[in-house]
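Taking it in order: structure first as structure tokens, then the write-up.
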Amino acid sequence: MYNAKFVIPGIIVFAGLFTAPFWINMLSSGHEEVKVELPTEPVTFFGEERTQCIEPREWMAANHMELLLEWRDQALREGKRIYVASDGKKWETSLQNTCMACHSNKAEFCDKCHNANSVNPYCWDCHVVPQGNNHEFE
Amino acid sequence: MNSSRRYFLKVAGLSTFALAAGAARAEAAEASYEAYPEGLKAKRWAMVIDTRRIQTVEDMRPIVEACHKVHNVPNIPGSREIKWLWDDTFDHAFAHDPDPMLPENIENRRFFLLCNHCTNPSCVRVCPAGATYKTEGGLVAIDYHRCVGCRFCMAACPYGSRSFNFQDPRPFIKDLNPAYPTRMRGVVEKCTFCAERLEKGLMPACVEASNGAIMFGDLNDPNSIVRRVLAKNFSIRRKPELGTDPGVYYII
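Protein sequence lines correspond, in order, to chains F and R. According to our numbering, the first sequence is numbered sequentially starting from 1. According to our numbering, the second sequence is numbered sequentially starting from 1001.
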């Protein structure tokens, strides 16, 4: 190989610089856990005071967007507005009247995680955020 | 060599399939959906408006307010207005049958106008996004999530029942109903026959506010209030010659 004493160190330096973001990330303190504010106050649904979310917390964190899309289609297209959860409890399929009845603090719940993950859902262009946390209206 | 490769591919394929099936089962929560048991059911919802009992804008005001309050309908003046439930003269409402010899009491009367929830809705046929559709009860509904704002449906509707959101409607809504969404800029909206109320066992908001001057029921059920009223009173519909088969009847 011609000029091996220049080319090989050059390749090594390039590879190092190219993968720098990974090295920096590994050496730094790492990403911070997003701490969302979970509701504590019980809310009445179907005549029963509840403090538990409709499905387990981990499942909701991973799948709430698919669930909401399914709720929308079931409510609008099929006319089925009751969700029977995996534990048999019944809920109204409504972002505003079910989810946000408990998760009323949009800034500390929805936004915190969405901002950290750099996603920008447009749910609240139409759906109304509970009064008091509605920064758009203030 | 050949047989072992064949065997390897078989095992690999089967195990991939088994893994995928297992993963899919773990993904879905074991949940189901139900309709509200108290929900009102009909084959063909229809409305009868007794225009003898709602004659003036003053008679209409509380009914319009009830509708607009429940559904967060903005009050936008001018050409960008949003119309769910509005009013007009006989000549404009029933333009297919111009009558120069109209009696004075009818000439001065205002007529409620709203989406006719046609049996053959032209708006549904032209929607390229599948955003507007007919429900089982015969309502013409809009899924605002899907609406792309092309306004074909507005061009297709012969009744002018659809309005386009040229701007964010929220600044024009005085007191927001927190139990119902608003719309956003760039979607088309209209009267829904209160689908969300029917499914919870409630009559439409305008029917409730009208003290019996607006009747609502199943056109396919001979015992329903609309059939009984229509059997005893002469009624007309808007532009029936177009073949859309509108579902709003007017007793003159």
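Beta carbons: idealized from backbone N, C-alpha and C, even for Gly. Quick caveat, the model's predicted, so the values are computed rather than measured.
Practice task
In the DSSP assignment, find the beta strand (DSSP E) that holds residue 50/F and state where it starts and stops.
Solution key: Looking at the DSSP string, the run of the beta strand (DSSP E) that includes residue 50/F is 48 to 50.
Handout entry: Distance between residue 1165/R and residue 1248/R (C-alpha atoms, nearest Å)
Key = Using only the alpha carbons, I get a separation of about 25 Å.
Exercise for the section: Please list, in chain order, all residues of the same chain as residue 1052/R whose beta carbon is under 7 Å from its beta carbon, the five residues on each side excluded. Expected result: 1251
Exercise for the section: Just tell me which of 1058/R, 1207/R, 1068/R has its CA closest to the CA of residue 1172/R. Expected result: 1068/R
Problem - CB contact check: residue 80/F to chain R, cutoff 8 Å - result: Taking 8 Å as the CB threshold, residue 80/F lines the interface with chain R.
Practice task
Would you give the residue range spanned by the beta strand (DSSP E) that residue 1215/R belongs to?
Solution key: 1214 to 1218
Problem - Residues of the stretch 1121 to 1138 of chain R whose Cβ lies closer than 9 Å to any Cβ of chain F, in chain order - result: 1133, 1135, 1136, 1137
Practice task
In the DSSP assignment, find the unbroken alpha helix (DSSP H) run with residue 4/F in it and report its ends.
Solution key: 4 to 18
Problem - Within the stretch 1043 to 1069 of chain R, ranges of the beta strand (DSSP E) (whole runs, at least 3 residues) - result: 1045 to 1050
Exercise for the section: Output yes if chain F places a C-beta closer than 8 Å to the C-beta of residue 1156/R; else output no. Expected result: no
Practice task
Would you verify that the beta carbon of residue 1060/R is, or is not, closer than 8 Å to some beta carbon of chain F?
Solution key: Chain F places no beta carbon closer than 8 Å to that of residue 1060/R, leaving this residue out of the contacts.
Problem - CB-CB length for residue 1036/R against residue 1201/R, believed under 8 Å - result: 7 Å
Exercise for the section: Could you confirm whether any beta carbon from chain R is found closer than 8 Å to the beta carbon of residue 138/F? Expected result: Note that residue 138/F has pLDDT 35, beneath the 50 cutoff, so the model's placement of it is unreliable and no number is given.
Exercise for the section: Can you grab the Cα-Cα spacing for the pair residue 1104/R / residue 106/F, in whole Å? Expected result: Their Cα atoms are separated by approximately 57 Å.
Problem - Whole-angstrom C-beta distance between residue 1127/R and residue 1157/R, which should lie under 8 Å - result: The pair is not a contact, with the Cβ atoms about 11 Å apart (cut-off 8 Å).
Problem - Beta-carbon neighbours of residue 110/F, restricted to chain R and to distances below 8 Å - result: Residues of chain R passing the Cβ test: none, with the nearest at roughly 16 Å.
Problem - 6 Å CB neighbourhood of residue 1119/R in its chain, flanking five on each side removed - result: 1245
Problem - Residue environment, residue 138/F, which counts as buried when at least 16 other CB atoms sit within 10 Å - result: Residue placement at residue 138/F cannot be trusted, given a pLDDT of 35 that sits under 50; what the coordinates show is reported in the next sentence. Exposed, by the Cβ-count rule.
Exercise for the section: Just the chain C side, please: which residues come within less than 7 Å of residue 97/F by C-beta, in chain order? Expected result: The structure shown contains no chain C; its protein chains are F and R.
Problem - Span separating the alpha-carbon of residue 1199/R from that of residue 1135/R - result: 12 Å
Exercise for the section: Tell me, please, which residues DSSP counts as bridged to residue 1086/R. Expected result: 1113/R
Exercise for the section: If I'm right that residue 1299/R touches residue 125/F with Cβ under 8 Å, what's the distance once you round it to whole angstroms? Expected result: Residue coverage of chain R in this structure runs from 1001 to 1252, which leaves residue 1299/R outside it and unanswerable.
Practice task
Report the residues of the stretch 1172 to 1198 of chain R with a CB closer than 7 Å to any CB of chain F, ordered along the chain.
Solution key: 1176, 1178, 1179, 1181, 1182, 1183, 1184
Practice task
Taking only the alpha-carbon atoms, compute the straight-line gap between residue 1229/R and residue 1045/R and give it to the nearest angstrom.
Solution key: 14 Å
Practice task
Tell me, please, whether the CB atom of residue 53/F is closer than 8 Å to any CB atom in chain R?
Solution key: Not an interface residue.
Practice task
Compare the C-beta of residue 21/F against all C-beta atoms of chain R and say whether one is closer than 8 Å.
Solution key: no
Exercise for the section: Mind the definition here: the stretch 1209 to 1221 of chain R touches the stretch 1046 to 1065 of chain R only if three or more C-beta pairs lie below 8 Å; say whether that holds. Expected result: yes
Exercise for the section: Could you confirm whether any beta carbon from chain F is found closer than 8 Å to the beta carbon of residue 1038/R? Expected result: Cβ-Cβ to chain F under 8 Å: no for residue 1038/R.
Exercise for the section: Use the C-beta contact count for residue 117/F: other C-beta atoms within 10 angstroms, 16 or more gives buried, fewer gives exposed. Expected result: exposed
Exercise for the section: Please determine, among 13/F, 93/F, 32/F, 100/F, the residue with the shortest C-alpha to C-alpha distance to residue 67/F. Expected result: Nearest to residue 67/F by C-alpha distance, out of 13/F, 93/F, 32/F, 100/F, is 93/F.
Practice task
Reducing DSSP to helix, strand and coil, say where residue 44/F ends up.
Solution key: strand
Practice task
Measure the beta-carbon distance from residue 1169/R to residue 1082/R and round it to whole angstroms, keeping in mind my assumption that it falls under 8 Å.
Solution key: 6 Å
Exercise for the section: Check the Cβ-Cβ distances between residue 102/F and every residue of chain R, and say whether any is below 8 Å. Expected result: no
Handout entry: Test: residue 130/F CB closer than 8 Å to a CB of chain R
Key = yes
Problem - Residues, ordered as in the chain, of the stretch 1030 to 1055 of chain R that lie near chain F by beta-carbon distance below 7 Å - result: Against chain F - using a Cβ distance shorter than 7 Å - the residues of the stretch 1030 to 1055 of chain R are 1030, 1031, 1032, 1033, 1034, 1035, 1036.
Exercise for the section: Report the three-state DSSP secondary structure of residue 1244/R (helix, strand or coil). Expected result: Coil, per DSSP.
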